[in-house]
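There are 2 protein chains.
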Amino acid sequence: MQLDALFSPRSVAVIGASQNPQKVGGMPVQLLQRLGYAGAIYPVNPSAAEVQALPAYASVADLPVPPDLAIVALPAAGVEAAMDQLIAKGTRAAVVLSSGFAEMGEAGAATQARMAERARAAGLALLGPNCLGVMNIRHKLFATFSPAPLAGVPQAGQVAIVSQSGAFGAYAFSLARKGGLGLSHWVTTGNEAALSVADVIDWLADDADTRVILAYIEGARDGAALQRALAKARAAGKPVIVTKVGRTEAGARAAMSHTASLSGEDAVYQAVFDATGAIRARTVDEMFRLGQAFAVGRAPAGRRLGIVTVSGGVGTLMADSASDLGLALPELPDAVAAPLRERIPFCATQNPIDVTGQVTSDLPVLGLAASGAATSGAYDALAIFVAAALASPVLAPQIVAMVQDAVAAAPDVPMALCGIADAATKQALLQAGCLVFEEPTHAVEVLAAKAQWAAHHAESVHVPAPLDVAPAVLNEVEALAFLQRHGVPAAPHRLAQSPDEAVAAWQALGGQAVLKIVSADLLHKSDVGGVRVGLRSEAEVREAYDGILADVARLAPQARRQGVLVARKLSPLAELVLGARHDPVFGTVIVLGLGGVQVELNPRTAVLTAPTTAARVRAQLAALGVLKLLGGWRGRPHGDADALVDVVLRFAALAASLGPRLGTMEINPLMVTADGIAAADAVVNFA
Amino acid sequence: MQLDALFSPRSVAVIGASQNPQKVGGMPVQLLQRLGYAGAIYPVNPSAAEVQALPAYASVADLPVPPDLAIVALPAAGVEAAMDQLIAKGTRAAVVLSSGFAEMGEAGAATQARMAERARAAGLALLGPNCLGVMNIRHKLFATFSPAPLAGVPQAGQVAIVSQSGAFGAYAFSLARKGGLGLSHWVTTGNEAALSVADVIDWLADDADTRVILAYIEGARDGAALQRALAKARAAGKPVIVTKVGRTEAGARAAMSHTASLSGEDAVYQAVFDATGAIRARTVDEMFRLGQAFAVGRAPAGRRLGIVTVSGGVGTLMADSASDLGLALPELPDAVAAPLRERIPFCATQNPIDVTGQVTSDLPVLGLAASGAATSGAYDALAIFVAAALASPVLAPQIVAMVQDAVAAAPDVPMALCGIADAATKQALLQAGCLVFEEPTHAVEVLAAKAQWAAHHAESVHVPAPLDVAPAVLNEVEALAFLQRHGVPAAPHRLAQSPDEAVAAWQALGGQAVLKIVSADLLHKSDVGGVRVGLRSEAEVREAYDGILADVARLAPQARRQGVLVARKLSPLAELVLGARHDPVFGTVIVLGLGGVQVELNPRTAVLTAPTTAARVRAQLAALGVLKLLGGWRGRPHGDADALVDVVLRFAALAASLGPRLGTMEINPLMVTADGIAAADAVVNFA
């Protein structure tokens, strides 16, 4: 969507402009005038000839030209009519600050939907309602009623902030100013009648002034749009740092009471962030730290970190942190290490490279170590701890010069310095492309995040053709057959309709038999006596067959009895549960977890959007510990991990091809044996 | 130990005092003079009549009085003689800044050990060598060569910093100054020839000026002393915030190369911190945040947190964090909620209590919500997010007044405010006993840490009488018998010396039989064909007996064959590994983990110092997921958790009673069945 009129308007009308500069309709007029907006400002107010010393207009119709942007600050009751007038006038964008719409109930939601529909039809970009507005720092556009800009405006920069929440947006604005973070745009989306956080990210991905995007999301209505926008930003090389609240159950409960909307399952959001390379921040602090980090210098080309330190202990602390984050700490090559050891007797030249307190009397060794490590080819990034040295007015300029030298010598190796720097020193280091932190572990964390972001590869996903099915509930045998037809192997089994057939099936299958009632009406077969296991003789099989039918007839008389499934008992290396469902926000998702007793020890499940890729499935199988179970551990046989990945991929593609027809599809258990992969039982129904 | 002469000396001699105020021997003279030390300063220098305008003495013997404290800043070669002279003179404490001792090799270590021994005999408190010294902020004692105090001294306060590392200490000092953290003492212990971090914590636990202790530890030599000191501080109601580096393997490797000493296994340190209520900080940031948090206001009496927020989204973020940390978020009682809802139409009165942006036009509702929640009896602590409001010079004083009212109304409910405050506002809030953070999750984290610390109960541990045993390697049958004699039940088993005896044993035991070779010489019995399982008939048992003896004779001809153990195959609900060993730093520790295939899914092990308590064992069994396995999950039988805790306690007591006699003691597996707890196999040997 074209959002230039919203973000860089040549003229702004304020509908409901107030003489009082503290009011919702007065603040934007004040801000635009005081903070240097260069375009035309048209206050609209039926009962004033002037507003804050500007000539006012009685109505939208009276405006001399159609304004690029209109700021609507009327009471809710008057907004819809004003929007119609703006459309009639030919206005191209509107920010509706007014509240009293969807957040008030159904009537408000209906009004809001009508406004959005008419705006869409007219090609008007609508932000809000119930939002705190928008700012473009370079353009000096302050279309907001937040008084925050009066206390000072952050410098113009390359970081954009987009927030669903106004209060969060205002807080973020103040933090940016305080932390010296340079901003391009600041956008709050409020009720998102038309424009959503996803739309704004989509536009920012193309915006030349923006290099990094900080996004605050409470819940997306259109998951596909969010996923597309995140992928587009990643493809444009612009990191998106996301704060998505409602991670935990308590948080989700709070979010629901706050937004009165289903925010979607958090694990699905995480899967989307993983798939699109978006970086999730868990705190506001971290969001800003990452925002600044991505705005300065390059991203490391790999995960090899060099640590240079004046304190062995702090070097160890940083090594702990690097290890937590999966960074490698290769040793300093001897060609660089040897001269260092000669110069500093106690210098530890492994990694961390500890130049010791000696540095106090011989500062140049620090530069020697930093430049040596940077140009050694052994490291993709460098973290340097200088303790209190940066605080010294004598040492600080020397350290800055050393850093400049090291950066010039190895421009591809990003660096982060840890120490206490005053504002000017910090600025000089950032200008040189070197990050600065007081907390040593923060340097390691941001370098790890940048390396991880750089390593993300856009994966092309094969989207399967839609599969049309009629609503139906399949029984076990039908479900296994359906899966088998689509490439998901089933464990050997037979359908028996008599004790004789059951015995014949057992004899054909071999081993110990498992018998289960077949019924599309029964989800929990064990509870009604519908399962017998470990049967080793004809007599046992006959008795089991009769027993199952008798028990089910007694305990679930209404359930259809469609026969008895006879299967061979398997000895799995791993027992999985593989399910698919239709997420209201993100569409088809699959859920993968351990089954049987193993789930008690690792109750984590992996969530993936479907269709997905082999790399993503493999990563999740590794995280669940499944790959280890298949690795021939303690002399047990190996399982075929490739085949398992393939089965999961087919299952995900099948689920995706069903689209909204997908009701329930679950394999439980999916057995991985030494002989292959097999679905031993399944539930399938179509909506 | 009496350390008053070290921390509050009436006179200080500087041995090796230098005219140059930048040198190691000159800096302390400069600092003591410039920063207002009130006692006598005696420079000792054989070749100067005056040092930095003070009369100098040619030798220690020439000093007019025995100084309370001597600062030794000589080259290493002269230090030992100087120490002897100081002892002869009657000096009561010495800080040895000089390096060149244990960190240089064996000769240095020997010199250092001699100095420590003579100091001990003479009752002289020795800090260092190779340390950065000591400061007492109130006393204006600056016995250090760090130039950091020249740039400014932190205000006097109730937080003490003790650091093994000088560089870390200097960094911490600068951070305290910058962050406005009030300090009582600052101590670096360096090589710890005599005084260790543990000794300093022990002294600070009694010190009236100190309320909170920040400790930085690379590795303790005397683990028992550290444990005693931490327990003493906890008993004195003084929180100890510990940064112990070397958490990860990479970190431990770095620490070892740095200190060239075995720092002890990190999990054992963690067990000690858990047992003594010490709070572990993972970053320098966190260490200071917790230090400040514990210095202001009370600790919450429980884990019920109330969240008051002006932003629903940030409230959700805080709820996520509270949930991560195990805090409860009970709803606001209706008596308080109803009037709030009346006043603010969209106010969410559950928890988070969201007073919405409305607060901008009606600030008093924030005070109403805060005081209402604080006095409601529903919360043990309150976290309040006010977004950018604190930055407003108009709103800030009103918010401070509200906080003061709320604190006065509910002095037992600690509060933390989140917002952007200037220095004066922050100071006013801290003075009122309310913590202040910019990052909303930090407020939740520190309140959780304080609640956890407050909930720690000193547990009295029953120390068993020492058990004297001769060095020996027991075979399986002897090992099980030894454990059984000390209250650890063994699974039913018999020792067979012939096929007939094996058959008789199987018949007596019932069920399926397991046969294993008995040999004190074999640790891995399966590898040499020494194990047969699942035997169901007389023929199978006979064949197994003969097969085992033949295989072992062939594959391990040197091993004694002391018979064959016959046991009944068990069906465990949980299979554990329970081991004990003698840690070089902390003495007896026990290690508890899952056994069998379960360990692959949860490879975590729990480490406990021994003897231990039922509460601690139970907590670790819960963390390992064992309690869940015994909980009758999915229709399986229940296991007796109390009996399991009891067996682990007996095992721990037995291991502790063996003390240094403990070689190896491991039960693998320890079976928990529906019938009880039983060691199925064990290795025991005495050193």
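Just so you know, the sequences run in chain order R and A. 686 is the number that numbering that gives the first Met the number 0 gives the last residue of the first sequence; the numbers go up by one with no jumps. 686 is the number that numbering that gives the first Met the number 0 gives the last residue of the second sequence; the numbers go up by one with no jumps. Idealized CB from N, CA, C, for every residue including glycine.
- Across the structure, Leu194 (chain A) and Gln1 (chain A) are spaced so that their CA atoms are roughly 11 angstroms apart.
- Per the Cβ contact rule, the segment 156-173 of chain A is not in contact with the segment 101-120 of chain A (fewer than 3 Cβ pairs under 8 angstroms).
- Closest in alpha carbon position to Gly99 (chain R), among R:Gly127, R:Lys88, R:Ile278, is R:Gly127.
- Here Ala55 (chain A) is buried. Its C-beta has 16 or more other C-beta atoms within 10 Å.
- Listed by position along chain A, the residues whose Cβ is nearer than 7 angstroms to that of Gly250 (chain R) are Thr315, Ala318, Asp319, Ser322.
- Pairing Ser183 (chain A) with Lys139 (chain A), the inter-Cα distance amounts to about 10 angstroms.
- For Lys568 (chain A), the three-state secondary structure derived from DSSP is coil.
- Below the 7 angstroms Cβ cutoff, chain A contributes Ile419 as neighbours of Lys177 (chain R), in chain order.
- Taking each of R:Val196, R:Ile306, R:Gly638 in turn and checking the Cα distance to Ala673 (chain R), the smallest one comes out for R:Gly638.
- Under the criterion of beta carbons closer than 8 angstroms, Pro299 (chain A) and Asp379 (chain A) qualify as touching, at roughly 4 angstroms.
- A direct Cα-to-Cα measurement between Leu123 (chain R) and Cys130 (chain R) gives close to 17 angstroms.
- Glu475 (chain A) sits buried, since 16 or more C-beta atoms from the chains shown fall within 10 Å of its C-beta.
- With its beta carbon less than 8 angstroms from one in chain A, Ser164 (chain R) belongs to the interface.
- In this structure, Val644 (chain R) keeps its C-beta atom at 8 angstroms or more from the C-beta atom of Arg603 (chain R).
- Residue-level contact check: Ala169 (chain R) touches chain A, since one or more beta carbons of chain A fall below 8 angstroms from its beta carbon.
- If you compare the alpha carbons of A:Ala677, A:Thr663, A:Leu653, A:Val241 with that of Ala642 (chain A), the shortest gap goes to A:Ala677.
- The beta carbon of Thr608 (chain R) does not come within 8 angstroms of any beta carbon belonging to chain A, so the residue lies off that interface.
- Remark: C-beta atoms of Val241 (chain R) and Phe272 (chain R) approach each other more closely than 8 angstroms.
- The beta-carbon of Tyr378 (chain R) is placed no less than 8 angstroms from the nearest beta-carbon of chain A.
- A distance below 6 angstroms between beta-carbons, with the five flanking residues on each side excluded, links Gln357 (chain A) to the following residues of its chain, in chain order: Ile343.
- For Thr187 (chain R), there is no enclosing alpha helix (DSSP H); the enclosing beta strand (DSSP E) has its first and last residue at 182-187.
- At a Cβ-Cβ threshold of 8 angstroms, Ala555 (chain A) and Leu629 (chain A) do not count as neighbours.
- For the options R:Gly218, R:Leu304, R:Leu213, R:Ile516, the alpha carbon positioned closest to that of Val239 (chain R) is the one of R:Leu213.
- As computed with DSSP, Ala609 (chain R) is found in no beta bridge at all.
- In the three-state reduction of the DSSP assignment, Arg252 (chain A) falls in the helix class.
- The segment 345-364 of chain A makes contact with the segment 301-315 of chain A, as at least three CB pairs between them are under 8 angstroms.
- Taking a cut-off of 8 angstroms for Cβ pairs, the segment 166-185 of chain R and the segment 143-158 of chain R touch, as three or more such pairs fall below it.
- CA-CA distance, Leu125 (chain R) to Gly38 (chain R), rounds to 20 angstroms.
- Three or more Cβ pairs closer than 8 angstroms define a contact, and the segment 650-662 of chain R meets that threshold against the segment 460-475 of chain R.
- Sorting A:Met414, A:Tyr36, A:Glu444, A:Ala109 by C-alpha distance to the C-alpha of Arg137 (chain A) places A:Tyr36 at the top.
- Below 8 angstroms, too few C-beta pairs join the segment 556-575 of chain A and the segment 607-616 of chain A to call them touching: fewer than three.
- Annotation: the segment 91-177 of chain A contains the following complete segments of the beta strand (DSSP E) (minimum length 3 residues), in chain order: 92-95, 124-126, 132-135, 140-143, 155-162.
- The DSSP assignment places complete beta strand (DSSP E) segments of no fewer than 3 residues inside the segment 7-34 of chain R at 10-14, in order along the chain.
- For Val445 (chain R), same chain residues with a beta-carbon under 7 angstroms away, outside a window of 5 residues either side, are Arg288, Leu289, Ala292, Ala415, Leu434 in chain order.
- Separation of the CB atoms of Trp185 (chain A) and Met134 (chain A) is rounded to 4 angstroms, and the pair is thereby assigned contact status at 8 angstroms.
- Relative to Ala651 (chain R), the option among R:Pro65, R:Lys627, R:Gly586 whose CA is nearest is R:Gly586.
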